[in-house]
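Counted from 1, the sequence shown has number 293 at position 80 by our numbering; the numbering is strictly sequential.
All C-beta atoms in this analysis are idealised placements derived from N, C-alpha and C, irrespective of residue type, glycine included.
Computed from a predicted model, the values in this text were never measured in an experiment.
Written out below as structure tokens is the structure these notes cover.
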Amino acid sequence: MGPVSITNWAGNVTFTPPRLHAPRTVPELQDLVARSPRIRALGTGHSFNRIADTDGVLVTTRELATGIHIDEDAATATVPGGARYGEVAAALHQRGWALPNLGSLPHISIAGACATGTHGSGNGNRCQAAAVRAVEFVRADGELVTIATGDGGFGGAALSLGALGIVTRVTLAIEPTYDITQDVWLDAPVDRVLANYADIAGAAYSVSLFSDPGTPGRIDQIWLKRRDESPADGSRWGASPATADVHPIAGQDARAATPQRGERGPWHERLPHFRASFTPSAGDEQQSEFFVDRADGPAAIEAVLGLDLRDSVQVNEFRTIAADDLWLSPFHDRESTALHFTWHDDDALVRAALAKVQAALAPFDARPHWGKVFHLDRDEVQRHYPRLADFRALTERQDPDRKFGNAFLETYVY
Ligand SMILES: Cc1cc2nc3c(=O)[nH]c(=O)nc-3n(C[C@H](O)[C@H](O)[C@H](O)COP(=O)(O)OP(=O)(O)OC[C@H]3O[C@@H](n4cnc5c(N)ncnc54)[C@H](O)[C@@H]3O)c2cc1C
């Protein structure tokens with residue numbers, strides 16, 4: 214039988230493994246891992262590069278229905294690694310619990326999102342993997358192991374780029390459920406936004422700025438997701454309140470976006486920008502994202518908005534993320550500003566635009582998102598990770614023959 218052909222969500226990456234395995238039990242997965250010389254997991258395929266690729270077999274843990282177990286005393290939930298955030302969030306909310314934050318879409322898997330350092334926004338909010346308290350995975354010899362907070366190696370296991378094994382279950386820190394109110398402010402002059410950047414980034418629990426390349430000199434949308442804060446008056450930044458729900462990308466259907474205009478509701482229906490039942494973002498796109506020191510946010514935003522990227526960018530988004538201590542986290546030891554690019558789906562355009570963006574961001578020591586498109590060399594990536602040697606040593610213990618390895622890890626990690 215020849216290889217199967219599977220594309221990622223965006224369609225810009227094709228995987229051609231002999232088969233996509235979908236074991237229904239953990240022992241079945243253990244057996245598969247033990248007898249496969251090369252193997253990797255695919256989550257929901259929302260990454261834009263070849264991080265999930267393998268020249269061996271590809272496996273999804275989607276069919277491993279391990280259930281959601283809440284430990285109320287410890288305030289943790291142990292959830293299937295292959296479950297989508299949207300499913301887990303709805304189940305937690307129903308039982309009175311919540312996660313601290315979510316990325317812009319609920320469609321992605323827990324294990325896949327944590328593996329790449331997926332994040333939402335908010336000065337006080339760390340990336341999704343920072344909520345991990347334990348990871349259960351099948352390592353190279355087929356053994357099922359758990360690495361938890363306090364264990365040596367935890368700093369590499371919570372955000373692992375899929376290099377340690379196939380994750381079956383993840384234990385996440387939870388908190389009592391809460392509501393969020395989402396307001397959008399429109400059409401602020403860039404110079405006012407940059408001059409008031411700290412005020413804006415701190416104006417709500419989670420803040421996102423969107424900029425459309427077709428309206429230079431403006432920040433088109435400021436999304437404020439409030440938890441307990443009082444409402445911010447965006448007119449002090451030169452913005453006007455949105456009088457209808459909006460989509461971050463001009464011309465896209467606002468019904469795909471989560472409820473706005475001050476309608477308070479559950480955290481998991483407001484923290485993402487996109488509803489689970491709709492295609493998130495544009496669909497026809499690629500994405501890149503780079504992280505700089507939060508204090509450099511205004512200068513870095515000014516630098517990328519000064520580039521003429523009208524032919525390649527659909528929308529830019531700017532967010533903040535709190536620092537953490539995970540070894541391969543792009544937010545390792547650094548309060549961050551994220552500069553995001555939703556590109557038109559054209560490899561040549563994206564490559565040319567990235568050359569400009571990476572040059573403009575080089576003075577800011579920008580770190581790339583592990584799951585998005587970037588064209589940096591090995592040294593430019595590795596120098597950001599002082600704990601890389603510890604990560605490599607951990608990988609060697611769990612996977613001495615690099616059966617979970619691939620070209621991406623060969624380039625940036627091993
Ligand atoms: C429309 C859109 C919006 C996005 N918004 C955001 C955002 O707001 N913030 C952000 O940070 N990112 C965002 N992303 C990027 C996305 O969150 C990441 O690419 C994320 O990794 C996708 O999760 P996934 O389940 O699709 O993982 P995949 O892309 O399938 O896999 C990612 C990595 O995880 C590994 N992996 C998956 N499952 C397992 C497992 N069970 N065991 C071991 N390893 C595993 C894979 O091998 C691979 O290395 C967005 C992407 C899209 C398409």
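Integer Cβ distance of L377 from T608, believed to fall under 8 Å: The beta-carbon distance between L377 and T608, rounded to whole angstroms, is 6 Å. This is short enough to meet the 8 Å contact definition.
Buried or exposed by the 16-neighbour rule on C-beta atoms within 10 Å, applied to H332: Buried, because 16 or more other Cβ atoms sit within 10 Å of the Cβ of H332.
Identified DSSP bridge partners for T289: Answer is D284 and A386.
Contacting residues, own chain, Cβ-Cβ under 8 Å from E502 (five flanking each side not counted): Here the set comprises A551, L552, H553, F554, P581, H582 and K585.
Contact set for L543: own chain, Cβ-Cβ below 6 Å, skip 5 residues either direction: The amino acid occupying residue 543 in the given sequence is Pro; Leu does not appear at that position. So the list reads G330, F504 and R580, once near-sequence residues are dropped.
Bridge-paired residues (DSSP) for R297: DSSP links R297 through a beta bridge to S322.
First and last residue of the uninterrupted beta strand (DSSP E) at R346: Residues V345 to V351.
Distance between G355 and V570 (C-alpha atoms, nearest Å): For the pair V570 and G355, the Cα-to-Cα distance works out to about 42 Å.
Collapsed DSSP secondary structure at E530 in the structure displayed: In the displayed model, E530 falls within a strand according to three-state DSSP.
Cβ-heavy atom distance, W450 to ligand 1, below 7 Å: Not a single heavy atom of ligand 1 lies less than 7 Å from the C-beta of W450.
H481, DSSP secondary structure in three states: DSSP places H481 in helix when its eight states are reduced to three.
Within 8 Å, strictly: CB atoms of W222 and G280: No, these two residues do not count as a Cβ contact at 8 Å.
Cβ-heavy atom distance, I321 to ligand 1, below 7 Å: Because some heavy atom of ligand 1 lies under 7 Å away, the Cβ of I321 counts as near it: yes.
Distance cut-off 7 Å: G355 Cβ against heavy atoms of ligand 1: At a cut-off of 7 Å, the beta-carbon of G355 does not count as near ligand 1: no heavy atom of the ligand is closer than that.
For S448 and A265, the rounded distance between their alpha carbons: If you draw a straight line from the Cα of A265 to the Cα of S448, it is about 44 Å long.
W556 Cβ short of 7 Å to ligand 3 heavy atom set: You won't find ligand 3 in this model; what it holds is ligand 1.
Exposure of V217, with buried meaning 16 or more beta-carbon neighbours within 10 Å: V217 is classed as exposed because its beta carbon has fewer than 16 other beta carbons within 10 Å across all chains shown.
Three-state class that DSSP yields for L518 in the structure shown: Note: L518 maps to helix in three-state DSSP.
Option in N314, A328 and A353 with minimal Cα separation from G337: Comparing C-alpha distances from G337 to each of N314, A328 and A353 shows the shortest one belongs to N314.
Distance cut-off 7 Å: L242 Cβ against heavy atoms of ligand 1: Result no, Cβ not under 7 Å from ligand 1.
T471 CB to nearest heavy atom of ligand 1 below 7 Å: Incorrect: T471 has no Cβ contact closer than 7 Å to ligand 1.
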